[in-house]
Every structure is written in C-alpha cells, then in structure tokens.
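Data first, discussion second: the structure below is written as structure tokens.
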Amino acid sequence: MRIIAGDWRGRKLSAPKGDATRPTADRTRETLFSMLTSRLGSFEGLRVADLFAGSGALGLEALSRGAAHCLFVEQDRAALDSIKSNIAALDARGRSDVEAMSVMHLRPAREPYDLILLDPPYKTGAGAVALDRLLRLGWIGPATWMAVETGADENVEVNGLEVDAERRVGKGKLTLLRYPDPDAAPN
Numbered sequence: 000m001r002i003i004a005g006d007w008r009g010r011k012l013s014a015p016k017g018d019a020t021r022p023t024a025d026r027t028r029e030t031l032f033s034m035l036t037s038r039l040g041s042f043e044g045l046r047v048a049d050l051f052a053g054s055g056a057l058g059l060e061a062l063s064r065g066a067a068h069c070l071f072v073e074q075d076r077a078a079l080d081s082i083k084s085n086i087a088a089l090d091a092r093g094r095s096d097v098e099a100m101s102v103m104h105l106r107p108a109r110e111p112y113d114l115i116l117l118d119p120p121y122k123t124g125a126g127a128v129a130l131d132r133l134l135r136l137g138w139i140g141p142a143t144w145m146a147v148e149t150g151a152d153e154n155v156e157v158n159g160l161e162v163d164a165e166r167r168v169g170k171g172k173l174t175l176l177r178y179p180d181p182d183a184a185p186n
C-alpha cells in the first residue's frame, strides 16, 4: 500500500495485521481521489475526517495532496497502531489527530468538516448510520463532501443528503454525497 499522489507520492504505508480491517486498495483510492478532485479541484487547506480509518490511508492521501488537517477515528487497537506509525513515518503529527473510539460515539463538532471519508465494514449499514449521526452533530455543513466505501451491492441513503456519484470498483462501491441544495442546509 502506497500514497498515490502529492508530497508523499510513492511512500509506503503499513497496514494493521490480522483481518479485523480491510485496507482500501490502491486502485480504489486512486478512483476515489480522482472523483473527489474533479469536484473539489484541490485539497489545499481542507479539514478532513477519516472515519473507520483502518490504516489511515484515505486521510493520509488527503494530507499528501495538501489538506490542512485530518482527524482519524478508529477503535481497533492494531489499526490505531498502524495509523500512528504511518503518521510518524510521514512526519504528519502536526496536521493529524487520532481518536481511539467508535465513530458512533463522536461528540458534536465545533464546525463542519470540508471532507468526510468513511470506510466502514461492508454489509453493516454503518456508513449511513454514521452520516445520519454526523449530520445531527454538526459535522456536515453546506460545503461538506462525504465519500463512503461499501460493498458493490450496498446503497447509502441518508435523509437530508443526496448521492452525487457512485462508482463500482472491484468488490466495492464508492458513493459521494452532499446536501442537495447547499442553501437549504441547516445552520
């Protein structure tokens, strides 16, 4: 597993040992970031949350491409060790925070994030449940983009959000979501 683009392009990432986590394949990450780049233009200065973070590859990819800060949220001990190791290896401590907890226990946000990346376990519906909770807790604002990786046959539906794009990649599917009308978003 490697960083695909940006300042850390080509740098290796460690993945947690065991089968408790499923690291996002390089090809899937490349597809996701291509989809996001076509919508965001640039990652410069973005506040990113990498939820169900696993190795932290998604958030680290965003940081490599210029994101200002990333919050990594993971509850698995081996995955947390990998995230911390990857952050240290890339010297990204000053632009990263790591929360050792379930995504379902997150507190209200001080302000909305620019980009929320979710890679929950397949076939659990956890991505939609988490997004519904984050919407109510102020993590999602009018300009927030959300990306969820699920199994290829899963759909992500959240009241108040619309699907902007879906793309199947191997056994998975990438879904991008946002407010249907940014002016209609709650303040």
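Residue numbers 0 to 186, in numbering that gives the first Met the number 0, belong to the letters of the sequence shown in order.
Glycine residues also receive a C-beta, built at the ideal position from the N, C-alpha and C atoms.
Treat the numbers as computed from the prediction; the structure is a model and nothing was measured.
Closer than 9 angstroms, CB to CB, is residue i near chain D or not?
i: leucine 79; result: Note that chain D does not occur in the displayed structure, where there is just one protein chain.
Whole-angstrom Cβ separation of residue i and residue j, contact assumed at under 8 angstroms?
i: leucine 59; j: isoleucine 2; result: 6 angstroms
i: histidine 68; j: arginine 94; result: 5 angstroms
i: threonine 149; j: glycine 169; result: Not a contact, Cβ separation roughly 12 angstroms.
i: isoleucine 82; j: serine 101; result: Actually they are not in contact, since the Cβ atoms of isoleucine 82 and serine 101 sit about 15 angstroms apart, beyond 8 angstroms.
i: alanine 77; j: proline 15; result: 4 angstroms
i: alanine 157; j: aspartate 131; result: This sequence places valine at residue 157; alanine is not what is there. Indeed, because the Cβ distance is near 5 angstroms, the residues count as touching under 8 angstroms.
i: serine 84; j: serine 13; result: 5 angstroms
i: leucine 39; j: alanine 146; result: At roughly 11 angstroms, the Cβ-Cβ gap does not stay under 8 angstroms, so leucine 39 and alanine 146 are not in contact.
From the options, pick the residue whose C-alpha is nearest to that of residue i; which is it?
i: leucine 160; options: Gly169, Arg167, Ala142 and Lys172; result: Ala142
i: tyrosine 121; options: Lys11, Asp6, Asp152 and Leu39; result: Asp152
i: leucine 45; options: Ala52, Leu62 and Val102; result: Leu62
i: aspartate 163; options: Val155, Lys170 and Gly169; result: Val155
i: isoleucine 86; options: Leu133, Leu136 and Leu57; result: Leu57
i: tryptophan 138; options: Asp49, Gly65, Ser33 and Leu12; result: Asp49
i: proline 111; options: Leu133, Asp96 and Gly124; result: Leu133
i: alanine 108; options: Ser84, Thr123, Asp118 and Gly140; result: Gly140
i: phenylalanine 32; options: Ser13, Leu175 and Arg135; result: Leu175
i: valine 47; options: Leu117, Met0, Arg135 and Val128; result: Leu117
i: valine 72; options: Met34, Ala129, Leu39 and Gly40; result: Ala129
i: alanine 52; options: Ser37, Leu70, Gly5 and Met103; result: Leu70
i: glycine 9; options: Ala88, Gln74 and Met34; result: Ala88
i: leucine 136; options: His104, Leu35 and Gly124; result: His104
Using a Cβ-Cβ cutoff of less than 6 angstroms, which residues in the same chain neighbour residue i once the five nearest sequence positions on both sides are dropped?
i: tryptophan 144; result: Leu114 and Arg177
i: alanine 99; result: Leu79
i: glycine 65; result: Phe42 and Glu43
i: alanine 91; result: Leu62
i: lysine 11; result: Arg1
Quick one: what's got a C-beta closer than 7 angstroms to residue i's C-beta in the same chain, skipping five residues either side?
i: alanine 30; result: In the sequence under discussion, the amino acid at residue 30 is threonine, which differs from the alanine named in the question. Hits under 7 angstroms: Arg166, Val168 and Leu173.
i: glycine 219; result: A question about residue 219 goes unanswered here, because the residues of the chain that appear run from 0 up to 186.
Kindly list the residues whose CB is nearer than 8 angstroms to the CB of residue i, restricted to its own chain and excluding five residues on each side of it in sequence; keep chain order.
i: aspartate 96; result: His68, Cys69, Leu70 and Phe71
_Those runs of the alpha helix (DSSP H) which lie wholly inside the region 120-180 and span at least 4 residues_ = 125-135
*asked:* List, from N- to C-terminal side, the alpha helix (DSSP H) runs of 4 residues or more that fit wholly inside the region 0-71.
replied: 25-39 and 56-63
*Which whole runs of the beta strand (DSSP E) in the region 70-125 are 3 residues long or more, in chain order?*
95-99 and 112-117
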